[in-house]
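Be aware that the sequence shown starts at 484, since it is given in my numbering, and climbs by one per residue.
The beta carbon of each residue, even a glycine, is placed where N, CA and C say it ideally should be.
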Amino acid sequence: EGANIRGPEKARRLKKLLKAESIELWAYGNSSGDKEMLEMADHAEMV
484 EGANIRGPEK ARRLKKLLKA ESIELWAYGN SSGDKEMLEM ADHAEMV
């Protein structure tokens, strides 16, 4: 449900969700709209 979130908005929402949590972030992307999210991950994979 809802709009497709991509690009900078995806990264912004992920940061808001995680806040200042100290976690190891794994991210998987499949389009150019995942670029920002992958850049903020500790472990990133384009699939």
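Taking 8 Å as the cut-off, the Cβ atoms of Met-520 and Gly-512 count as close. Secondary structure at Gly-512: strand, using DSSP grouped into helix, strand and coil.
Taken through DSSP and simplified to helix, strand or coil, Glu-528 comes out as strand. Straight through space, the alpha carbons of Gly-485 and Lys-502 are spaced by roughly 22 Å.
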